[in-house]
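Numbering (full-length UniProt numbering), first residue to last: 1 to 529.
We treat Cβ as the ideally placed atom computed from N, Cα and C, and that holds for glycine.
All figures in this text were calculated on a predicted structure; none of them were measured in a lab.
Listed below in structure tokens is the structure:
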């Protein structure tokens with residue numbers, strides 16, 4: 001300790017240790033998971049929280065998962081007060097309305113952490129399970145009309161009781177999945193990851209002592225808050241507004257996301273009043289996903305290196321009326337919220353660009369979703385291949401947009417070809433950058449991806465969800481728009497067909513080819529003549 005508080009070097013060491021713990025947790029989760037979506041694509045995140053539920057650190061995986069991690073810890077804490085917890089307990093939840101989740105495939109496991117008989121925090125893991133039941137294989141389709149169609153809903157329930165796994169819960173989750181073996185394996189991987197977090201945080205507590213550790217945590221959060229508020233002070237006070245649009249409904253109804261930003265007193269306030277009403281389709285954005293996207297875009301544009309902890313999060317105010325696209329109420333479906341969050345991120349980036357023109361960025365192309373399912377004749381087992389394929393970032397005043405990347409709060413890798421072909425009856429015959437898809441300009445928008453899949457199963461079905469097929473990423477200051485996305489069946493053949501951007505249970509046959517073309521980012525400034 002110094003005369004003014006904890007030694008800053010010790011505080012920084014502890015902050016780095018907290019982040020390292022979350023990274024070790026993610027490593028344990030990915031290396032022990034069963035499904036390719038978690039093991040290969042890394043569609044998972046881990047975090048540490050203190051006993052008050054404040055975020056201490058999050059692994060650098062998927063920013064969108066922060067909403068699920070934060071929401072599930074709070075939901076578990078409310079349902080199971082601290083005095084009822086025992087060492088070795090863990091809880092599982094996924095429901096966006098009663099479990100703190102942001103859509104049902106993201107299953108959250110929360111573990112209280114004890115040291116010396118005291119509750120000192122929580123370890124939490126989120127993993128996207130490739131199928132948790134529902135009407136559509138993969139448990140995610142924008143075509144679902146209510147959350148009940150999207151799969152098994154779990155409020156916080158006990159998954160591990162004082163160190164003993166509650167096998168009945170794993171049996172229930174597994175039985176509701178089309179690939180039950182993966183569900184049990186992935187849940188046990190999350191349990192293993194959380195145990196790493198429990199052990200490592202308890203070690204820190206024993207090493208530094210509870211008083212010094214708590215003082216350093218408080219100092220760390222305060223330092224993060226001071227740092228981000230200093231960035232806000234670089235922006236002139238004022239109010240700014242911006243609109244973005246999701247692809248319209250089939251009848252042409254526009255779907256507006258409106259945001260008003262106020263910069264005042266070292267604080268940012270985002271008000272989404274004026275956004276469209278919630279949809280009867282699974283393109284709604286639950287509040288926890290909204291918050292995670294806001295945090296991610298602010299971090300990306302204003303201070304990419306800032307720590308992702310409660311000191312940062314409490315510096316941002318979010319207003320979102322219930323019953324809107326960005327804050328739906330039960331039983332609105334939310335499965336495809338990640339694609340909508342790509343457009344939401346453009347709205348947030350757009351309004352921030354008005355407040356800080358030197359950080360301006362053009363519109364981006366979000367990832368696209370395709371789910372393959374059916375019987376794998378090689379094994380006589382049912383398979384579900386859930387994939388999201390990267391889009392591209394818009395250009396800035398000083399850089400071309402990045403090609404073939406997840407935009408803002410999205411994450412996870414494209415599934416490697418070798419892993420895909422080994423696990424599923426599919427063959428990738430084309431995988432390339434989509435030349436010409438980035439909007440032209442003084443700075444070019446990023447290029448999307450073209451990926452062709454040949455179907456090797458006679459019983460395969462696909463479900464598709466796309467965004468920015470109608471409303472492209474918009475250029476700024478004279479830059480051109482990005483190219484829209486496409487789903488094409490049997491390209492170059494007499495039977496070539498453009499498939500709708502939202503479809504489910506489309507029956508394919510062995511030999512058919514599905515082409516996925518993800519949308520490009522938009523350009524910045526007029527192109528040189």
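- Shown here for residue 215: same chain residues with a beta carbon closer than 6 Å to its own, the five before and five after excluded, namely 6 in chain order.
- Sequence-distant partners of residue 319 (beyond 5 residues in either direction) whose C-beta falls short of 6 Å from its own C-beta, in its chain, are 271.
- Around the beta carbon of residue 16, fewer than 16 other beta carbons lie within 10 angstroms, which makes this residue exposed.
- For residue 202, the uninterrupted alpha helix (DSSP H) run begins and ends at 180-208, by DSSP.
- Between the region 124-137 and the region 205-215, the count of Cβ pairs shorter than 8 Å is below three; the stretches do not touch.
- Given a length threshold of 4 residues, each whole run of the alpha helix (DSSP H) inside the region 291-347 is given here in chain order: 310-313.
- With a cut-off of 8 Å on Cβ pairs, the region 140-147 is not in contact with the region 107-120, counting fewer than three such pairs.
- Per DSSP, residue 112 is not a residue of any alpha helix (DSSP H); the beta strand (DSSP E) it occupies stretches across 106-115.
- Every beta strand (DSSP E) of 3 residues or more that sits fully in the region 450-509 is shown, in chain order, as 461-465, 486-489, 497-499 and 502-507.
- Under DSSP, residue 264 shares a beta bridge with 267.
- In this chain, the beta strand (DSSP E) harbouring residue 124 covers 118-128.
- The region 394-401 makes no contact with the region 51-68: fewer than 3 CB pairs, one atom from each, lie closer than 8 Å.
- Residue 222 counts as exposed, since fewer than 16 other C-beta atoms from the protein chains shown sit within 10 angstroms of its C-beta.
- Between the beta-carbon of residue 134 and that of residue 150 there is about 5 Å, and that keeps the pair under the 8 Å contact cut.
- Minimum Cα-Cα distance from residue 74 among the listed residues 61, 316, 86 and 48 corresponds to 48.
- In the three-state scheme derived from DSSP, where H, G and I count as helix and E and B as strand, residue 148 is classed as helix.
- Taking C-beta atoms as the reference points, residue 247 and residue 469 count as a pair closer than 9 Å.
- Relative to residue 178, the option among 137, 160 and 251 whose CA is nearest is 137.
- The residue among 510, 199, 171 and 156 with its C-alpha nearest the C-alpha of residue 372 is 510.
- Note: residue 385 is bridge-paired with 372 in the DSSP secondary-structure output.
- Of the residues 66, 466, 507 and 82, the one whose Cα lies closest to the Cα of residue 457 is 507.
- Burial state of residue 196 is buried, judged by a 10 Å Cβ sphere holding 16 or more other Cβ atoms.
- By the CB criterion at 9 Å, residue 439 and residue 479 fall inside the cutoff.
- Excluding sequence positions up to five before and after residue 451, its CB lies within less than 7 Å of the CB of 389, 428, 430, 431 and 516, all in the same chain and listed in chain order.
- In this structure, the alpha-carbon of residue 355 lies about 37 Å from that of residue 415.
- The straight-line gap separating the alpha-carbon atoms of residue 208 and residue 321 is approximately 44 Å.
- Residues of the same chain with a CB within less than 6 Å of the CB of residue 258, apart from the 5 flanking positions on each side, are 243, 274 and 275 in chain order.
- In the three-state scheme derived from DSSP, where H, G and I count as helix and E and B as strand, residue 91 is classed as strand.
- When the five nearest sequence neighbours on each side are left out, the beta carbons in the same chain lying within less than 6 Å of the beta carbon of residue 472 are those of 481, 482 and 484, in order along the chain.
- Bridge pairing for residue 365: 392 [DSSP].
- Counting along the chain, residue 57 sits inside the beta strand (DSSP E) bounded by residues 55-58.
- Scanning its chain for C-beta atoms nearer than 7 Å, with the 5 sequence neighbours on each side dropped, one finds around residue 190 the residues 29, 109, 125 and 127, in chain order.
- As the crow flies, the alpha-carbon of residue 500 is around 10 Å from that of residue 250.
- In the DSSP annotation of this structure, residue 526 is not part of any beta strand (DSSP E), being labelled neither H nor E.
- If you draw a straight line from the Cα of residue 392 to the Cα of residue 522, it is about 9 Å long.
- Residue 237 and residue 364 have their alpha carbons spaced roughly 27 Å apart.
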